[in-house]
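No gaps in the numbering here: position 243 of the sequence shown is 266 in the numbering used here, and each next residue is one more.
One structure below.
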Amino acid sequence: MNTGRVSRFDGKQFTTYTSAHGLAGNSVEKIRNDNQGNLWFVTDNGISRFDGKTFASFTTKDGLPSDAVYSITVDSMSNILIGTNQGLGILTGFTSNPANEKTPKRIAGQNALSNDALARYSPTIESYNTATGYPIKDASTVFSDRKGITWIGTSSDKTGLVRFDYSAVRKNKKPLVIKLQGIKINNEAIGWQSLQTPSAKNEVKRDSNTTAPNITEEVTTFGKELSEVERDSMRHKFGDIQFSGIRDWYLIPENLVLPYRHNTITFEFAAIETARPSQVNYQYMLAGYDDDWSPRSNKAFATFGNMTEGTYTFKLKAQSPLGIWSQPIAYTFTILPPWWRTWWAYLLYALLLGWAVWGLTAYRSRELKRKNQALQEKVHALEEIKDALLNGQKIERRRVAADLHDNLGGMMSAIRLTIEAMDAATFSPKEHEVYQNVLGMTRQAYNEIRLLSHNLQPDELEKFGLAQALQRLMNKLNSSQQIQFSLSITPAERLHKELEFNLYSICLELANNIIKHSQATEASFEFAAKNGHLQLLVTDNGKGFIHNNTSDGMGMRNIQERTEQMGGTLKIHSRPGEGTMFQFMIPLILPVRA
Numbered sequence: 024m025n026t027g028r029v030s031r032f033d034g035k036q037f038t039t040y041t042s043a044h045g046l047a048g049n050s051v052e053k054i055r056n057d058n059q060g061n062l063w064f065v066t067d068n069g070i071s072r073f074d075g076k077t078f079a080s081f082t083t084k085d086g087l088p089s090d091a092v093y094s095i096t097v098d099s100m101s102n103i104l105i106g107t108n109q110g111l112g113i114l115t116g117f118t119s120n121p122a123n124e125k126t127p128k129r130i131a132g133q134n135a136l137s138n139d140a141l142a143r144y145s146p147t148i149e150s151y152n153t154a155t156g157y158p159i160k161d162a163s164t165v166f167s168d169r170k171g172i173t174w175i176g177t178s179s180d181k182t183g184l185v186r187f188d189y190s191a192v193r194k195n196k197k198p199l200v201i202k203l204q205g206i207k208i209n210n211e212a213i214g215w216q217s218l219q220t221p222s223a224k225n226e227v228k229r230d231s232n233t234t235a236p237n238i239t240e241e242v243t244t245f246g247k248e249l250s251e252v253e254r255d256s257m258r259h260k261f262g263d264i265q266f267s268g269i270r271d272w273y274l275i276p277e278n279l280v281l282p283y284r285h286n287t288i289t290f291e292f293a294a295i296e297t298a299r300p301s302q303v304n305y306q307y308m309l310a311g312y313d314d315d316w317s318p319r320s321n322k323a324f325a326t327f328g329n330m331t332e333g334t335y336t337f338k339l340k341a342q343s344p345l346g347i348w349s350q351p352i353a354y355t356f357t358i359l360p361p362w363w364r365t366w367w368a369y370l371l372y373a374l375l376l377g378w379a380v381w382g383l384t385a386y387r388s389r390e391l392k393r394k395n396q397a398l399q400e401k402v403h404a405l406e407e408i409k410d411a412l413l414n415g416q417k418i419e420r421r422r423v424a425a426d427l428h429d430n431l432g433g434m435m436s437a438i439r440l441t442i443e444a445m446d447a448a449t450f451s452p453k454e455h456e457v458y459q460n461v462l463g464m465t466r467q468a469y470n471e472i473r474l475l476s477h478n479l480q481p482d483e484l485e486k487f488g489l490a491q492a493l494q495r496l497m498n499k500l501n502s503s504q505q506i507q508f509s510l511s512i513t514p515a516e517r518l519h520k521e522l523e524f525n526l527y528s529i530c531l532e533l534a535n536n537i538i539k540h541s542q543a544t545e546a547s548f549e550f551a552a553k554n555g556h557l558q559l560l561v562t563d564n565g566k567g568f569i570h571n572n573t574s575d576g577m578g579m580r581n582i583q584e585r586t587e588q589m590g591g592t593l594k595i596h597s598r599p600g601e602g603t604m605f606q607f608m609i610p611l612i613l614p615v616r617a
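This is the structure in structure tokens:
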């Protein structure tokens, strides 16, 4: 110990201990060991017990008469004697926390428990000074002789040396009796008798020998008799509090039921201890509000606020100056829910929610009907536009077909007849070769114009459907071409007229491409329904080609546009020398377009 500090040398280095290590104070005045090998330190802020590893400290919060400690010693009864500027404190032992055990255990002040184990116990410290009826003003020096007599040196002129025989002190070892003395609501005292409905019980007619119980309570609680105005004000403020009766003597309401706005309650209590009431300690808990007992305290009231609705039980126990705990007493009361959390409020919420859901559903239903109607009108308008476009295309195709057949077809027929009328016998071999080529191209052009004219006006598509129209087309192609075309359609029923028109146009365009460019001998068109889609496979055994979107001609672009218009997809598989396959997947329901 040096200049108030304490240090420990372990053979290699010094360790200086302060309050950061658990000491009660940083200034250590005295050190004393007990018969269990523990060291006790006197500090400027209480005392500390060192078990070789940790510190356990004790102050006025634990029952010391004062934190200004002068001396410390031990006696033959395993007590720790503590001299303070407010008299003598005797640490007689430790009692296990009754919250942890049904039957508390008691151990001596000098014991072999570690500080960690001792933390589960509460110290019992008795005070002997002028406040407790002993002529000990302070205890600057404390000494215990072999016979257990304690000698105390004080600063008093009259009692400078006090002889104290602790074994001769009479002690009451019975548990204390605890009483609830009052209940406050929202931190306000209440005259429970006056709060009751006026009756013969609390409005006794007064005469010269009788005082009404409510007036007696008012004088005890408020220090005066309340006026009628004050009683009416109290009843107006607390009149919604319910209780079934009032206990005698201390006037505690029974079966208390508090509205939610009165959810702060204070309990006032006391233990009957006439000799040393200041050394009585209390522990309490509110079941439903607290999880454990409160710290030990000599405070004789407890306040609980901001409580939610429910039933609560206040439990209270007291520790005598000798460390003996009483059995807990209990008081049960109820807090009502606020109006917005009552059953009828929840019923109202359910009704409002149901009404809101119904209203929202009805509104959404009306909106959906309105939107569906608008969509149907738009779809109907689009169908009319499509029909008009198809009719317009049909009329235009007929006009073009007529022009091709009547004008261009007639002109090509006349050219062919004129060429055929020439006398080929007069031609030289070179001229005869040219003559044959021109005649062949003229005949081919005439046949293609007739075929194109016919296909621009496929009346059988409108009358009989896609299957028969394509079959007639294939028959005509097979009769005039060296390429053998085949057709397979499953199923063969009619489709939407727009689908049929686009599919027919695609097949016609692909047939023309095969005739002109493929150099094929066989070609096939296969239709099959799969998972709500129509699959079209067009294959040939021609020379094939390298597919490049940027180099596609007008015909391929028309095919791609028609496929997209139907909401379908197109895949092209082709390699030079391996033929070509066009794979279309077309939904059987046309997409709705805005």
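Positions of the beta carbon are idealized from the N, C-alpha and C atoms, including for glycine.
Quantities reported herein were computed from a predicted structural model and do not represent experimental measurements.
With respect to isoleucine 206, isoleucine 113 sits apart: the two C-beta atoms are not nearer than 9 Å.
CA-CA distance, isoleucine 352 to threonine 326, rounds to 17 Å. Per the DSSP secondary-structure output, threonine 513 pairs in a beta bridge with Ala551. Annotation for serine 503: the continuous alpha helix (DSSP H) segment containing it runs 489-503.
Counting along the chain, arginine 31 sits inside the beta strand (DSSP E) bounded by residues 29-32. The closest CA to that of valine 561, considering only Asn536, Lys553, Leu199 and Gly346, is found on Asn536. DSSP places threonine 586 inside the alpha helix (DSSP H), whose first and last residues are 577-588.
At a Cβ-Cβ threshold of 9 Å, tryptophan 348 and lysine 340 count as neighbours. Boundaries of the beta strand (DSSP E) harbouring glutamine 558: 556-563, taken from the DSSP string.
Where tryptophan 174 is concerned, the enclosing beta strand (DSSP E) starts and stops at 172-176. In terms of Cα proximity to asparagine 286, the closest of Phe166, Val303 and Asp263 is Asp263. Taking the Cα of tyrosine 527 as reference, the smallest distance to any Cα among Thr239, Ala492 and Gln558 is reached at Ala492. Between phenylalanine 568 and leucine 559, the C-beta spacing is not below 9 Å. If one requires a minimum length of 4 residues, the alpha helix (DSSP H) runs lying completely within the segment 134-199 are 138-141, in chain order. Taking C-beta atoms under 8 Å as the contact rule, tyrosine 335 and glycine 311 qualify, at a distance of about 4 Å. Around the C-beta of leucine 391, fewer than 16 other C-beta atoms lie within 10 Å, and the residue is accordingly described as exposed.
Beta-bridge annotation (DSSP): isoleucine 95 is paired with Ile105.
For histidine 259, the uninterrupted alpha helix (DSSP H) segment begins and ends at 251-261. Judged by DSSP in its simplified three-state form, threonine 355 adopts strand. Less than 9 Å separates the beta-carbon of serine 101 from that of glycine 132.
Relative to asparagine 304, the option among Glu332, Leu281, Gln342 and Glu277 whose CA is nearest is Gln342. The continuous stretches of alpha helix (DSSP H) do not include phenylalanine 568, and DSSP gives it neither H nor E. Taking isoleucine 295 as reference, the option from Val252, Glu248 and Pro344 with the minimal CA-CA separation is Pro344.
Rounded to the nearest angstrom, the gap between the Cα atoms of leucine 184 and serine 145 is 32 Å. Across the structure, phenylalanine 64 and threonine 173 are spaced so that their CA atoms are roughly 20 Å apart. Per DSSP, phenylalanine 117 is one residue of the beta strand (DSSP E) stretching across 110-119. Arginine 143 and asparagine 134 have their C-alpha atoms some 14 Å from each other.
Contact between the segment 372-387 and the segment 153-166 is absent, with fewer than three C-beta pairs closer than 8 Å. Here the alpha carbon of methionine 435 sits roughly 12 Å from the alpha carbon of glutamate 443. The Cβ atoms of leucine 533 and isoleucine 582 lie closer than 9 Å to each other. The beta carbons of serine 541 and histidine 570 sit about 14 Å from each other, so the pair does not count as a contact at 8 Å. No Cβ-Cβ contact shorter than 9 Å links threonine 82 with aspartate 74. Between glutamine 204 and isoleucine 269 a beta carbon distance of about 14 Å is seen, past the 8 Å cut, so the two are scored as non-contacting.
Within the same chain, Cβ atoms closer than 7 Å to the Cβ of asparagine 61 are found at Arg72, Phe73 and Asp74, the five residues on either side in sequence being excluded. With distances taken between CA atoms, alanine 235 lies nearest to Gly214 out of Val252, Glu253, Asp255 and Gly214. Distances from the CA of threonine 118 to each of Val92, Ile148 and Ala191 were compared; the closest alpha carbon is that of Ile148.
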